[in-house]
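Take a look at the structure set out below.
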Amino acid sequence: MKMKKHILAAALLIAASQPLKADEGMWLPALISQRIGDMQAKGFQLSAEDIYSVNQASLKDAVVLFGSGCTGELVSDEGLLFTNHHCGYGYIQKHSSVEHDYLKDGFWALSRADELPNPGLTVRFLERMEDVTDIVLKGYKPARMSEDQRQALVKKNAARLREQAVKDGQGLKASVEALYYGNQYFLFVFREYRDVRLVGAPPSSIGKFGGETDNWMWPRHTGDFSIFRIYAGADNMPADYSPENVPYRPKKSLKISLAGVQEGDFTFVYGCPGSTQEYVHSEAVRYIQDVSDPEKIALRTTRLGIMKKYMDRSQAVRIQYSSKYAGVANAWKKWQGEEKGLRKNRIVPVKQDYEGRFEAWARGTRYEGLTGRLAAVYAARNPIYRAYEYYNETVRAIEKLQMARGRGGDLKDYYEPIDRETFVALMSAFDKALEDSYKPAYFIEKRALYGTMEAWRDAVFASETEAKELAQALEEHFQQNLVPQVSAFTASLNLLYRDYMQGQMEFEREKTFYPDANLTLRVAYGHVEGYRPADAIYYRPVSTLKGIMEKDNPDIFDYNIPQALRDIYAEGGHENQPVCFLATNHTTGGNSGSPVLNAQGNLIGINFDRVWEGTMSDLVFDPEICRNISLDVRYILFTIKEIGHADYLLEEMRFAE
Ligand code: ARG
Ligand code: GLU
């Protein structure tokens, strides 16, 4: 007996001291020295200083926040930048017209003078990041200050820090971000460039190949890239657009590797993941899995069904609604994978068990009872949060009501029959799902007056006044009733999470925690690997041009490739041209466009998606099934050469090996 216990203890000790097997985590570059040992053990050949340094050029200087929610990377010493096609989409669209349909046909600037400016588009380089917790909390007296006073103090101290940080620098921007629910604060200082021009984009039949059908899926064959160039003033500093501006000379640009990837190869992703919730209570997960995801999925299934019916009937409507359809379908598909993954891994009972062990450990400490208090806040919050989500997914998704409030809605892309049918479906769902206490009095009155949703719909679509009154009544109720309540609950949750986070860190001392994603620069590392989506199936991690030809079908919009690609393939020799690959890097929305690098820090691909079965990684990372999807950099080069005939772009790139 005694002996067995010893063996177990020894085994646990060994397990704890070994590098984590799972490739979970999104790490802060400035603290990467904490992970560098594990990275090197897994194959990484560079140092922490190569990833992040304020004294010398490092990889961070080749990575940018592109626009407001994507990542991009520098691939030449003349400011050339890669990101995803879906990140550049809006800009490509703005330059498109019937005569020059760059979305459909692709775009390749033939000279620097042909590169197209994009007012409003910016990129941000991280100058430095530092732990400013002590400064932000200076003057904080936990025993004597309320949470509101703490918030006010944090705001004041952070504002001063930001002001100092941007003082004498051109284009400097600063932000102070709370990590671990405000247990730690970091200052981020960026340099923002605002003359960013479009250089190249493949036709959508390559850049968006597979469309919604393949989105979040493997095997994948999307050439999801676009190319931009950053311009600067003569002093290499940020400048407003001017024909006089010159290509930006980066401190660092990435070398491109042509060596390709093999299963098992070390990879890392350097980018700006948007949002995760890895340390939440079981009740938060239960709500997402049992209420939020299923209800939102059902509502969107209805919306997508209506859109699709009309899009299938008319090419014109398909063009009008394809972007809206993509937006609705993207989260819809992601939630399906998330719900399934949470159930399959029994995350709710696993978290409940963890909470039981946490409470046993916490007895007698200041952490005692925290998990119960969190559960109580969720119990009070959930019905209100559900109503809040319902408003967003129903009444606020009806175009007529949005337009009546002067919002959204380009009439060029509006097709009323879709909206009329959507109105009846979504308003009925809203009415049925929520108790009357969540609805404005106006709604209840009119509902009685009209009797049926169809009659009410006819009135709303016949009279602007009727539309406006309904839209305003609903929006007012939403803003005045639900929004403040939801914010109050969020504040109480955050307060409890600040302690719970600290408690979890003390409870699991041997574990290295990473902060939840918040669009700040992170490093995720892992390796190339396939996965098993279901019994008896193994997905290999590399897709090729052969797979594109297998999917090619001129009758299916998503799979209709350019004739040029068919012709090149017919010449032979391109069967094994790699297109996309899977790896175990922990990524999320915002990582789109992120560079995927090999053990030597050279560019092997661009991240653009995850597999839908693994989207639960925003809550829990399951190494068996969570995979990021990257575009192989060699397919980018192939497309530039063979489809764009823009070989001259390759001349300014640098190649490894
Ligand atoms: N799923 C990817 C992401 O979350 C790609 C979305 C754009 N592509 C699309 N087919 N909708 O952003
Ligand atoms: N396509 C996503 C983006 O735009 C990345 C996919 C994900 O990991 O959520 O950031």
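Here the working numbering is used: position 223 in the sequence shown is 435, and no number is missing along the way.
We treat Cβ as the ideally placed atom computed from N, Cα and C, and that holds for glycine.
For residue i: DSSP bridge partner residues
| i | result |
| --- | --- |
| SER438 | THR295 |
| PHE870 | Outside the displayed span of the chain (213 to 869) sits residue 870, for which this structure offers no information. |
| ASN819 | SER842 |
| LYS385 | PHE402 |
| ARG409 | PRO329 and ARG441 |
| GLY584 | According to DSSP, which records beta bridges pairwise, GLY584 is partnered with nothing at all. |
| THR479 | GLY738 |
| ALA685 | None; ALA685 has no bridge partner. |
| PHE337 | VAL276 and ARG403 |
| TRP239 | VAL735 |
| PHE319 | ALA413 |
| ASP343 | PHE398 |
| ALA390 | TYR397 |
| ALA795 | VAL740 and ASN840 |
| THR751 | With the sequence shown as reference, residue 751 is identified as Tyr, and Thr is not the correct amino acid for it. According to DSSP, TYR751 bridges with TYR743. |
Heavy atom of ligand 2 within 7 Å of residue i beta-carbon
| i | result |
| --- | --- |
| THR799 | yes |
| CYS282 | yes |
Three-way DSSP call (helix, strand, coil) for residue i in this model
| i | result |
| --- | --- |
| PRO790 | strand |
| PRO696 | helix |
| ALA763 | One point to set straight first is that residue 763 is Lys, not Ala, in the sequence displayed. Helix, per DSSP. |
| LYS612 | helix |
| SER494 | helix |
| GLN230 | Only weak support exists for where GLN230 lies, its pLDDT of 42 falling under 50; the coordinates are left without a value. |
| SER309 | coil |
| SER416 | helix |
| LEU224 | Any reading at LEU224 must be qualified, since the residue scores a pLDDT of 38, below 50, and its modelled position is unreliable; the value itself is stated next. Three-state DSSP puts LEU224 in a helix. |
| SER288 | strand |
| ARG324 | helix |
| GLU633 | helix |
| THR756 | strand |
| THR283 | strand |
| VAL808 | strand |
| VAL458 | strand |
| PHE850 | helix |
| SER504 | helix |
| LYS521 | helix |
| ALA641 | helix |
| GLY856 | coil |
| VAL473 | coil |
| PHE421 | coil |
| GLU551 | helix |
| ALA776 | helix |
| TRP668 | helix |
Any non-hydrogen atom of ligand 3 closer than 7 Å to residue i Cβ
| i | result |
| --- | --- |
| GLU311 | The model depicted lacks ligand 3 and carries ligand 1 and ligand 2 instead. |
Residue-level contact to chain D via CB, residue i, 8 Å cutoff
| i | result |
| --- | --- |
| ILE596 | Among the chains of the structure shown, chain D does not appear; only one protein chain is present. |
Ligand 1 site residues, beta-carbon cut 7 Å against heavy atoms: HIS298, LYS420, GLY423, GLU424, ASN427, TRP428, ALA538, ALA541, ASN542, LYS546, GLY801, SER804, PHE820 and ASP821
Contact the region 431–440 vs the region 787–804: 3+ CB pairs below 8 Å: Three or more Cβ pairs closer than 8 Å define a contact, and the region 431–440 meets that threshold against the region 787–804.
The region 542–557 touching the region 823–830, judged by at least three CB pairs closer than 8 Å: yes
Three CB pairs or more closer than 8 Å across the region 626–637 and the region 665–679: Taking 8 Å as the limit for Cβ pairs, the verdict is that the region 665–679 does touch the region 626–637.
Given 8 Å, three or more beta-carbon pairs between the region 677–689 and the region 611–625: Yes, the region 677–689 is in contact with the region 611–625.
Inter-stretch contact (C-beta, 8 Å, three-pair minimum) for the region 849–868 and the region 494–509: no
The region 575–586 contacting the region 705–722, beta-carbon criterion three pairs below 8 Å: yes
Cβ pair count under 8 Å reaching 3, the region 234–252 against the region 437–447: no
Segment contact, 8 Å Cβ cut-off, at least three pairs: the region 333–347 with the region 259–276: yes
Sufficient close CB pairs (3 or more, under 8 Å) joining the region 623–634 to the region 604–613: yes
Inter-stretch contact (C-beta, 8 Å, three-pair minimum) for the region 381–396 and the region 477–485: no
Meets three-Cβ-pair contact criterion under 8 Å: the region 414–431 and the region 770–778: yes
Cβ contact check for the region 811–820 and the region 834–844: 3 or more pairs under 8 Å: The region 811–820, when compared against the region 834–844, does touch it at the 8 Å Cβ threshold.
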